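Reading through the structure tokens given below for one structure.
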Amino acid sequence: MEIARLDIDRIQEDLRRRRLSATELVTEALRFAERENPKTNAYLHFCPERALAAAARVDERLARGEDPGPLAGVPVAVKDVILTRGVRTTCGSRLLAHYIPPYDATAVTRLEAAGAAILGKTNCDEFAMGSSNENSAFGVVRNPVDPERVPGGSSGGSAAAVAQGTAVAALGSDTGGSIRQPASFCGVVGVTPTYGRVSRYGLTAFASSLDHIGPLARNVRDAARLLQAIAGRDPMDATSAFAPVPDYLAAMDGKLDGVRIGLPKEYFRDLASETGRLVEAGVRLLERLGCRLEQISLPTTDYAVACYYIICTAEASSNLARYDGVRYTWRAPNADTLADMYRQTRGQGFGAECKRRIMLGTYVLSAGYYDSYYLKAQKVRTLIARDFEEAFRRVDAIVTPVSPFPAFKLGEKINDPLEMYLSDIFTITGDLAGIPCMSVPCGRTAQGLPVGMQILTRHFDEPGMFRIAEAFERAGGFAGN
Amino acid sequence: MKISESDVRYVAELAHLELTEEEVRRFTEELSAVLAYMDKLNELDTEGVEPMAQVLFEAEETATLREDVERETLGSETALANAPLAGAGYFKVPRVIER
Numbered sequence: 003m004e005i006a007r008l009d010i011d012r013i014q015e016d017l018r019r020r021r022l023s024a025t026e027l028v029t030e031a032l033r034f035a036e037r038e039n040p041k042t043n044a045y046l047h048f049c050p051e052r053a054l055a056a057a058a059r060v061d062e063r064l065a066r067g068e069d070p071g072p073l074a075g076v077p078v079a080v081k082d083v084i085l086t087r088g089v090r091t092t093c094g095s096r097l098l099a100h101y102i103p104p105y106d107a108t109a110v111t112r113l114e115a116a117g118a119a120i121l122g123k124t125n126c127d128e129f130a131m132g133s134s135n136e137n138s139a140f141g142v143v144r145n146p147v148d149p150e151r152v153p154g155g156s157s158g159g160s161a162a163a164v165a166q167g168t169a170v171a172a173l174g175s176d177t178g179g180s181i182r183q184p185a186s187f188c189g190v191v192g193v194t195p196t197y198g199r200v201s202r203y204g205l206t207a208f209a210s211s212l213d214h215i216g217p218l219a220r221n222v223r224d225a226a227r228l229l230q231a232i233a234g235r236d237p238m239d240a241t242s243a244f245a246p247v248p249d250y251l252a253a254m255d256g257k258l259d260g261v262r263i264g265l266p267k268e269y270f271r272d273l274a275s276e277t278g279r280l281v282e283a284g285v286r287l288l289e290r291l292g293c294r295l296e297q298i299s300l301p302t303t304d305y306a307v308a309c310y311y312i313i314c315t316a317e318a319s320s321n322l323a324r325y326d327g328v329r330y331t332w333r334a335p336n337a338d339t340l341a342d343m344y345r346q347t348r349g350q351g352f353g354a355e356c357k358r359r360i361m362l363g364t365y366v367l368s369a370g371y372y373d374s375y376y377l378k379a380q381k382v383r384t385l386i387a388r389d390f391e392e393a394f395r396r397v398d399a400i401v402t403p404v405s406p407f408p409a410f411k412l413g414e415k416i417n418d419p420l421e422m423y424l425s426d427i428f429t430i431t432g433d434l435a436g437i438p439c440m441s442v443p444c445g446r447t448a449q450g451l452p453v454g455m456q457i458l459t460r461h462f463d464e465p466g467m468f469r470i471a472e473a474f475e476r477a478g479g480f481a482g483n
Numbered sequence: 009m010k011i012s013e014s015d016v017r018y019v020a021e022l023a024h025l026e027l028t029e030e031e032v033r034r035f036t037e038e039l040s041a042v043l044a045y046m047d048k049l050n051e052l053d054t055e056g057v058e059p060m061a062q063v064l065f066e067a068e069e070t071a072t073l074r075e076d077v078e079r080e081t082l083g084s085e086t087a088l089a090n091a092p093l094a095g096a097g098y099f100k101v102p103r104v105i106e107r
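Keeping their order, the protein sequence lines are chains A and B.
In my numbering, each residue carries its 1-based index in the first sequence increased by 2.
In my numbering, each residue carries its 1-based index in the second sequence increased by 8.
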């Protein structure tokens, strides 16, 4: 059994034909993952008892002749900002090194209800803040494609595990590109669904108007299967959408004839690079598959990074206020007063990037600056969302690069926060508008580094997005298994 | 926008963050650079534009209230399980009121 190459279709067939049991599969997957993990540090910790219990439930259902669920026996990884009851959840932070959640995130409950086995929790930038996974308090993650390079961030561990084959699929979270950018750097598929499509109950809050949970997988079908299992209204998250969840696999009919694809000029103009050439080759492949290409303009793009980093830091400064030494495991040891306890716990507990964002966010919300920064950014966000609305009157989907460059070297950009922020330019706009967007592999550079192509569609048009991505992946031979 | 070390100290106080002298110097420089970049938003005319506080989309009317049924809560023992210091069913913190 080649554990690192299995896909969900194959696992379902093997289980139902009794070629193997879920317990055998999960035991082997755990053994493989624990052995291979030191090469990347993708997992922070494993939960073998929980995974094997899930496998046993699948085997029992199979033995009774019952349907074991659409993700039966599938070994998955979960980003460590998503709560797992009784299983340590650190958010990549020293502050939460020993935090044991008292409940499961809804996405976790739904994965397990569909039969999946959670092998463990994956590394990430502290509180999901970063684009390289170098901000984890528990060590960097190495890109399985080239261990001297970053896997991207903040869902770097989830992307690396899927690329390395130590998980068949994984959950990540995305606030400004944290699923799509690492997916592109590691050569896997990463999906950020419509805002509200997946419940955030149990997702540690970073920037609540932008946070999403979404899947990473080695092919489009597997990613869609995961989304199918976790999507839908959840009474525990008031921001989760009521819209019915369509059948994503049924939408993948390979028919791209006449699909109108918009190519925003603002995303392609500075791309005289290998990344640009690979994405342009991807666009030509879409044209050969029957898509009609159209040049479009999203004129507010140049302001998106500034807009995003005002809104996300403002919301983060508020969301991270709860880590004050009272409720969440760690408290600075020598504080005599309540105020000192807050200051010292937070000063010693948070890493540099979290502090930087708390400072920025507090500044842009502070008296005298609220109107000129925060309110201004919210108005610019309206303009960015309008750009997309206008564009979707003329086209069915928009295609762009995911990142201006492929995976960079560890340490290469960590000392220049502004440069790191600017590299998020192509992914943050989708989050600001709240539309579905994904990264699908579109080839490799001469050095062998993966490059991703981004597809964005209208609110709740995940079916249209998957239709394009799946046909593209099949025609280009880009599936990772 | 260029900010000073005293601005940084003031904001750190608002955020309840204890910073080292080195951090104060570094954040003064880094935040000045990032805020200078953010000033670029002033180039845009946003007169009459509504601020976007949340993602909005066309949707059918829905019954947003769930049924009022009794559910188990976590219970104080579970809720306190991750507390650095707890006692008598409460989170404990350093003394706030002097007797």
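No residue lacks a Cβ here, since even glycine has one placed at the ideal position from N, Cα and C.
Treat the numbers as computed from the prediction; the structure is a model and nothing was measured.
Residue 161 of chain A has its alpha-carbon roughly 29 Å from the corresponding atom of residue 42 of chain B. Cβ-Cβ distances below 6 Å link residue 228 of chain A to 171 and 217 in the same chain, with the five nearest sequence neighbours on each side left out; the list follows chain order. Remark: C-beta atoms of residue 59 of chain B and residue 327 of chain A do not approach each other more closely than 8 Å. Taking C-beta separations shorter than 6 Å and ignoring five residues to either side along the sequence, the partners of residue 239 of chain A in its chain run 201, 202 and 203, following chain order. Between the alpha carbons of residue 116 of chain A and residue 98 of chain B lies a distance of about 38 Å. In the DSSP annotation of this structure, the continuous segment of the alpha helix (DSSP H) that includes residue 30 of chain A starts and ends at 24-38. The three-state secondary structure of residue 455 of chain A, taken from DSSP, is strand. Close to residue 45 of chain B, with beta-carbon spacing below 9 Å, are these residues of chain A in chain order: 307, 308, 311, 420, 423 and 424. Looking at the backbone, the Cα of residue 418 of chain A and that of residue 34 of chain B are separated by about 11 Å. Residue 328 of chain A has a beta carbon lying within less than 8 Å of a beta carbon in chain B. Annotation: the continuous alpha helix (DSSP H) that includes residue 222 of chain A extends over 222-232.
One finds 104 in chain A with Cβ atoms closer than 8 Å to the Cβ of residue 87 of chain B, taken in chain order. Bridge pairing for residue 176 of chain A: A:214 [DSSP]. Residue environment: residue 84 of chain B is assigned as exposed (fewer than 16 neighbouring CB atoms within 10 Å of its CB, all protein chains considered).
Cβ-Cβ distances below 6 Å link residue 49 of chain B to nothing in the same chain once the five nearest sequence neighbours on each side are left out. With a minimum length of 3 residues, the unbroken runs of beta strand (DSSP E) contained wholly in the segment 398-446 of chain A fall at 399-403 and 439-446. DSSP lists A:45 and A:81 as the beta-bridge partner residues of residue 124 of chain A. Contact annotation: residue 22 of chain B and residue 364 of chain A have beta-carbon atoms nearer than 8 Å. Closest in C-alpha terms to residue 124 of chain A, from the list A:49, A:105 and A:88, comes A:49. Straight through space, the alpha carbons of residue 31 of chain B and residue 18 of chain B are spaced by roughly 14 Å.
Nearest C-alpha to residue 437 of chain A among B:106, B:79, B:12 and B:66: B:66. As for any alpha helix (DSSP H) of minimum length 4 sitting wholly inside the segment 136-204 of chain A, the runs are 158-166 and 182-188, ordered along the chain. For the pair residue 273 of chain A and residue 450 of chain A, the Cα-to-Cα distance works out to about 19 Å.
Residues of chain A with a Cβ closer than 7 Å to the Cβ of residue 81 of chain B do not exist; the shortest Cβ-Cβ separation is about 11 Å.
The C-beta of residue 100 of chain A has fewer than 16 other C-beta atoms within 10 Å across all chains shown, which makes the residue exposed.
Put simply, the backbone Cα of residue 412 of chain A is about 12 Å away from that of residue 133 of chain A. The beta carbon of residue 462 of chain A sits closer than 6 Å to the beta carbons of 196 and 245 from its chain, once the five residues preceding and following it are set aside; these are given in chain order. For residue 42 of chain B, the closest Cβ of chain A is nearer than 8 Å.
The alpha carbon of residue 173 of chain A has as its nearest neighbour, out of A:466, A:85, A:150 and A:75, the alpha carbon of A:85. Taking the Cα positions, residue 153 of chain A is about 46 Å away from residue 104 of chain B.
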